[in-house]
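Residue numbers (the numbering used here): 6 to 255. Virtual Cβ for every residue (Gly too), placed ideally from N, Cα, C. As the structure is a prediction and not an experimental result, all values here were calculated from the model. Notes follow once the structure below has been shown.
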C-alpha cells in the first residue's frame, strides 16, 4: 500500500466494453457516479439498491450513457446467503456473465460513542459495510471465475481516521474490510478474479456531511471525480493495483 495518493487516471473510452458490472449501492453518491462511468466505458450495469424510485432515476441516467442497464432491488441489511445466491443465479440466467462488482453501499448514521451506540445500529453498520459485501462476493465468485478477467472493487477508508473515537461500527467494519481485501486477494491470486479497494480522498457525499457537519462541503470534489478510478480498477488496467488499497486524489 502506497503512503501517497495517486491522481485519478483519465477515463479510457471502451475500457469496459462487453462487460457486465454489478454496482451495489447504486443510488448512493459514489455508486451512481460509478454506474454512470461504467456505462460510458461500455459496460452493462446492474444497479443494486434498496430504494426502487431512486434506482429508477439512476436507471434513466445510465441508460442514456451506454448499454441498457438492469435493476435489482435488494436491502443489504435484511439480505442473507440465499438472497445473494438467487442474485447470482439470475445474473447467470439473464445476462450470462459477470465481470465486476463495485461495493459502493455504505451505512453510517453519525459520530457516536460506542457506549451510547444502539445495538441495532452497531449490528447494521457491521452488516452493511462488511458482512454483506463479503456474502455478495462469495455468492458471485463462481460466475466471476468464468470470465477471462474480472474484478471486485471494495471502497476503503483512511484507517487512521476511522480508528479514532466515535466512528463506531462503521470504523470497525472498514478495518475488517481492509483485512478481507488482503486475505481474499492472496487466495484468488491464481484465478482470473482481481481484488482491490479504492480509498478516495475526501469527497462531497452525504456520509461525509454526517461526520463533518461543520465543514464547507464545497471544498471537496463530487463523487463523480473518483468514478474513473473505479472504471480503471474494473478494467484490465487495474491489474497493477491487484491486492492493494489504492489511494487516489481527484
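Span of the alpha helix (DSSP H) holding residue 62? Position 57 of the chain shown, counted from the start, is the residue given in the question as residue 62. If you look at residue 62, you'll find it in the alpha helix (DSSP H) that goes 57-68.
What residues match up with residue 78 in a beta bridge as DSSP calls it? On the chain shown, residue 78 is found 73 positions in, with the first residue counted as 1. In DSSP, residue 78 forms a bridge with 54.
For residue 79 and residue 6, the rounded distance between their alpha carbons: Mapped onto the chain shown, residue 6 falls at position 1. Mapped onto the chain shown, residue 79 falls at position 74. Model confidence at residue 6 stands at a pLDDT of 39, short of 50, so the residue's coordinates are unreliable and nothing is read from them.
Exposed unless 16 or more other CB atoms sit within 10 angstroms - verdict on residue 64: The residue given as residue 64 occupies position 59 in the chain shown. Buried is the call here.
Under DSSP, the beta strand (DSSP E) around residue 199 begins and ends at which residues? Residue 199 sits at position 194 when you count from the first residue of the chain shown. Counting along the chain, the beta strand (DSSP E) containing residue 199 begins and ends at 198-205.
Between residue 29 and residue 81, what straight-line distance do the alpha-carbon atoms span, to the nearest angstrom? Reading the chain shown from its first residue, position 24 is the one you call residue 29. Reading the chain shown from its first residue, position 76 is the one you call residue 81. Residue 29 and residue 81: Cα-Cα distance of roughly 9 Å.
Out of 242, 187, 198 and 215, point me to the one whose CA is closest to residue 250's CA. Locating residue 250 in the chain shown gives position 245, where the first residue counts as 1. Among 242, 187, 198 and 215, the Cα nearest to that of residue 250 belongs to 187.
Reduced DSSP secondary structure (H/G/I, E/B, other) of residue 244: Reading the chain shown from its first residue, position 239 is the one you call residue 244. Correct three-state label for residue 244: helix.
Hey, could you find the ends of the alpha helix (DSSP H) residue 108 is sitting in? In the chain shown, counting from the first residue as 1, residue 108 sits at position 103. Run containing residue 108: none in the alpha helix (DSSP H); it sits in the beta strand (DSSP E), 105-108.
I need the boundaries of the alpha helix (DSSP H) containing residue 29, first residue and last residue. Locating residue 29 in the chain shown gives position 24, counting from the first residue. Segment 25-29 is the beta strand (DSSP E) holding residue 29; no alpha helix (DSSP H) there.
Output needed for residue 115: all residues of its chain with C-beta closer than 6 Å, excluding positions within five of it in sequence on either side, in chain order. As a first step, residue 115 must be located in the chain shown, where it is residue number 110. Correct list, in chain order: 215.
So is residue 175 buried or exposed if we call it buried at 16+ other beta carbons inside 10 Å? As a first step, residue 175 is located in the chain shown; it is residue number 170 there, counting from the start. Under this definition residue 175 is a buried residue.
Would residue 179 pass as a contact of residue 10 if the rule is Cβ separation under 8 Å? Taking the chain shown and counting its residues from 1, the one referred to as residue 179 is at position 174. Taking the chain shown and counting its residues from 1, the one referred to as residue 10 is at position 5. For residue 179 and residue 10, no; Cβs fall outside 8 Å.
Look at the alpha carbon of residue 194 and the alpha carbon of residue 154, and state the distance between them as a whole number of angstroms. Counting from 1 along the chain shown, the entry for residue 194 is found at position 189. Counting from 1 along the chain shown, the entry for residue 154 is found at position 149. Distance between the alpha carbons of residue 194 and residue 154 is about 12 Å.
Report buried or exposed for residue 119, applying the criterion of at least 16 other Cβ atoms within 10 angstroms of its Cβ. Taking the chain shown and counting its residues from 1, one reaches residue 119 at position 114. The residue in question, residue 119, is exposed, as its Cβ has fewer than 16 Cβ neighbours within 10 Å.
State buried or exposed for residue 3, treating a residue as buried only when at least 16 other CB atoms are found within 10 Å of its CB. Only positions 6 to 255 of the chain appear in this structure, which leaves residue 3 out of reach.
Determine, using beta carbons only, whether residue 148 and residue 203 come nearer to each other than 8 Å. Indexing the chain shown from 1 puts residue 148 at position 143. Indexing the chain shown from 1 puts residue 203 at position 198. No, the Cβ-Cβ distance between residue 148 and residue 203 is not below 8 Å.
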